[in-house]
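S.K.: Numbering (this note's numbering), first residue to last: 924 to 1000.
Beta carbons: idealized from backbone N, C-alpha and C, even for Gly.
Predicted model, so just to flag it, every value in this text is computed and none were measured.
Just passing along the structure, written as structure tokens.
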């Protein structure tokens, strides 16, 4: 019996074809400096905790801690 390929297989094939372009692919920065500053101000002003920020804004824990080490003050840590 014959069955058509699954949709998952087709999507993987399309994604693979897209990756073989001659142009370089750049990762888009989804967080602007203004957003980062706003979130860090919330933490420093004790309006929210780090865990609340992670849950509320759906930011990865590692990303938040990188922002703190890069842009934050010693008050946050």
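Residue 962 and residue 976: beta carbons closer than 7 Å?
M.R.: yes
S.K.: Taking the runs of the beta strand (DSSP E) that are 3 residues or longer, which of them lie wholly in the segment 951-978?
M.R.: none
S.K.: Using the Cα positions of residue 971 and residue 979, report the straight-line distance between them to the nearest angstrom.
M.R.: 10 Å
S.K.: With DSSP run on the structure shown, which of helix, strand or coil describes residue 985?
M.R.: helix
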